[in-house]
Each structure stands twice: as C-alpha cells, then as structure tokens.
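Structure record follows, encoded as structure tokens.
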Amino acid sequence: MVNVTLIGTAGAVPLPERALSSCVLTLDGRSILFDCGEGTQTAAKKHDVNLMRTDVIALTHYHGDHIFGIPGLLQSLNLGERQRPIYIVGPVREGGTIEQELAPVLALTGRLNFDVIPMGIPDKGLAISDLFPDWSPLARLEPFKTDHKVTSCGYSFLLKRRGKFLPGNASALGIPRQLWHFLQEGGDVCFTDDNGMTRTASPSDVMGPARKGIKIAFSGDTRVCDSLRRGASGADLFICDATYGSDENEQTALEYCHMTFSQAAHTASRAKVKRLWLTHFSQRMRDPSEFLEFAQNAFPEAECGFDGKTLDIDFEN
Ligand SMILES: [Zn+2]
Ligand SMILES: [Zn+2]
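Going by the working numbering, the first residue of the sequence shown is number 1, and it counts up by one from there.
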C-alpha cells in the first residue's frame, strides 16, 4: 500500500493555513518527499507526517517556493541522529549539474553527520532499490518533461505488481517448495530434479502475467504540455498545478507558466487518470473549492487539495 499526503498546497506565497509546495509518498515505512517549500517541517508536524523517514527528496525545479525548506529539514534530520544518506534528485539544465543547482541551499545547511547525495534524475528513471536495497525492487521514480519558466520536470512513482504465482507450474517442473519464494521475489533458482539433473527455473516459468500496479503522478509547476499528459497517463492519482481557479486566468497561466483548474482537469481527462488533486493555489484564491466546478466540468472526479489531505492506494482486487 502506498500513502500519499499533501503537506503544502500553496503556490509562491504561503498563507496561515496553507504551506508551500510539498507532498510525501510512503511505502513500507520509507518516504519520498516531492518538493520542500519553506515551512514544510512545521506543516508536516501539523499533519502527523514523519519526515525522518525521508530517503529521497525529488525536486521538480529550483524555485524558492519548492526548495527553501531543505536546509531546515536536513538540520532536523541531523539533530534526529540520522545516519542513513539522503538523495536529492532533480532536473538538470543543459551544460549544468545538480550540484550547481543545490549549492545555495546546501551552503546554508552546514555540517551534517550523514551524506546528502545530489543526483540528476536519469531520463529513464531509477529504481529506488538501487539507492536503498531495503526498498521494494518494484518501486520506480520516472521523470517527465514539464514546461515552466526554468528547467523543470514532473514525476511518476510506479509500483509494479508481479503476476500471480502458479504453484501447479512449479510442482510440474519439480522445483522444491523451499525455493518457490525466490522465484516469487523475481530471482532465478537452481535445483536438482528427480533424475539427478541440475536445472534452473526463472520467474517467467511459474508466474502469470504482470498485473496492474500503482501509479502516482506529480506535475510540479507547469503549463499545459503533451509530456505532462503522457507522464500522468493512467495514474491512480494525479497531483497537478492548478494555480488559478477561473478560466478567465488562462492568459495569466500561460504567461507565468502555470495552469488553471480547467486546464488541469482537461489534462487529467485526456490522460485517463483515476483521481485528480488540484494544488499550488495562488494566494489570491482563499477558498479553492469555490472554483472546483471549473475543474469538475471537464473531469467530475477532480478534488481540491488541502494541507494534510491524505490517501492510501492499494493494488486493485
Ligand atoms: Zn511554485
Ligand atoms: Zn515555479
């Protein structure tokens, strides 16, 4: 089961009840934090989110409202006697490095007793278990291009699901029962059959076709673009920039590289996502729900995000 919790849903300027952008995803007790605006720590505490579990901070871009919370968070992790390293991944502009992007933030952080490892997010994405072996090998983080004023990306988090184990196949092949779990976990096995012959078996010999996994997509800050729709395609939950409520702000959204409620909803509809949460609200919009019908006209399942909004997502069936 994957839990997703919005920590902050404000765009650019925080309000007393609305912290700057941040969202946390937790699987098996470990977390990925998507963006870390100023005030993320306080907002997380308010909503019972334990940021000590964070293993990866995935940044969508380097605007202050998405990164100014990082130095304080790293210092708190240090005071919490963290030993485990933490990765900070993000997009890298052509000819640049993520170290350059993060230098101002990390300069404020000071000395830590654990490693902070900046890493440009590879285009093909990464298996979290390559960074931390105790993560499920089925969990992946994949970036997709977005269209903002600066180099930016959104992310899909994917939790794949293996096919059903077929015990009849395993028995017919003579695979000893004590080796079955290796195959179920994705490894090959070597065994001696009844005739004393050495044989190997692969998961494909004993597992049915892969089943539908879980996908969660985060837009970060962006204008409407095709790569956003592709990145969100088929998501169980799509968390999308919806800085402006009314359709009247479409021109402003275009100019400032953000989206309106209606644009987010049209993208969700075209991407055939299951749920849409709107976020990154302009400070001028005190009550985003007043504008929700702009989104629901295009995508009836649209919901306004709010700080502390949370959802557990499990495999179907
Ligand atoms: Zn922003
Ligand atoms: Zn931005």
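Think of the CB as a built atom: it goes at the ideal place given N, C-alpha and C, for glycine as much as any other residue.
Under 7 Å: does the beta carbon of Asp35 sit that close to some heavy atom of ligand 2? no
Count the C-beta pairs between the region 232 to 246 and the region 269 to 287 that are closer than 8 Å, then say yes if the count reaches three, no if not. Yes, since at least three Cβ pairs between the region 232 to 246 and the region 269 to 287 fall closer than 8 Å, the two stretches touch.
Use the C-beta contact count for Gly231: other C-beta atoms within 10 angstroms, 16 or more gives buried, fewer gives exposed. buried
In its own chain, which residues sit with a C-beta less than 8 Å from the C-beta of Pro16, not counting the 5 before and 5 after it? Take Pro16, set aside five residues on each side of it, and no residue of its chain has a beta-carbon closer than 8 Å to its own.
One or two residues paired with Cys153 in a DSSP bridge: Lys145
Give the straight-line distance between the Cα atoms of Asp28 and Asn3, rounded to the nearest whole angstrom. 9 Å
Count the C-beta pairs between the region 250 to 268 and the region 183 to 195 that are closer than 8 Å, then say yes if the count reaches three, no if not. no
Quick check on the DSSP output: the alpha helix (DSSP H) that includes Pro167 runs from which residue to which? Pro167 to Ala172
Identify whether Asn108 lies in helix, strand or coil by the three-state DSSP scheme. A quick correction: the sequence has Leu, not Asn, at residue 108. The answer is coil: DSSP assigns Leu108 none of H, G, I, E or B.
For the candidate residues Asp115, Val13, Ile32 and Ser152, whose alpha-carbon lies nearest to that of Thr5? Ile32
Between the C-alpha atoms of Ala19 and Leu179, what's the straight-line distance to the nearest angstrom? 50 Å
Pocket of ligand 1 defined by Cβ to heavy atom distance under 6 Å: Gly11, Ala12, Ser21, His63, Asp65, His66, Asp221 and His280
Burial state of Ala210 (16 or more Cβ within 10 Å): exposed
Just to confirm before moving on: does the CB-CB distance between Val56 and Val105 stay below 8 Å? no
Less than 6 Å between C-beta atoms, sequence neighbours within five positions excluded: which residues of the same chain meet that for Met119? Tyr87 and Val89
Does the contact criterion of 3 or more C-beta pairs under 8 Å hold for the region 37 to 45 versus the region 65 to 80? yes
Would Asp221 and His148 be called neighbours here (beta carbons separated by less than 8 Å)? yes
Is His330 a contact residue of ligand 2, with contact defined as CB to any heavy atom under 7 Å? Nothing in the structure corresponds to residue 330, since the chain is present only between 1 and 317.
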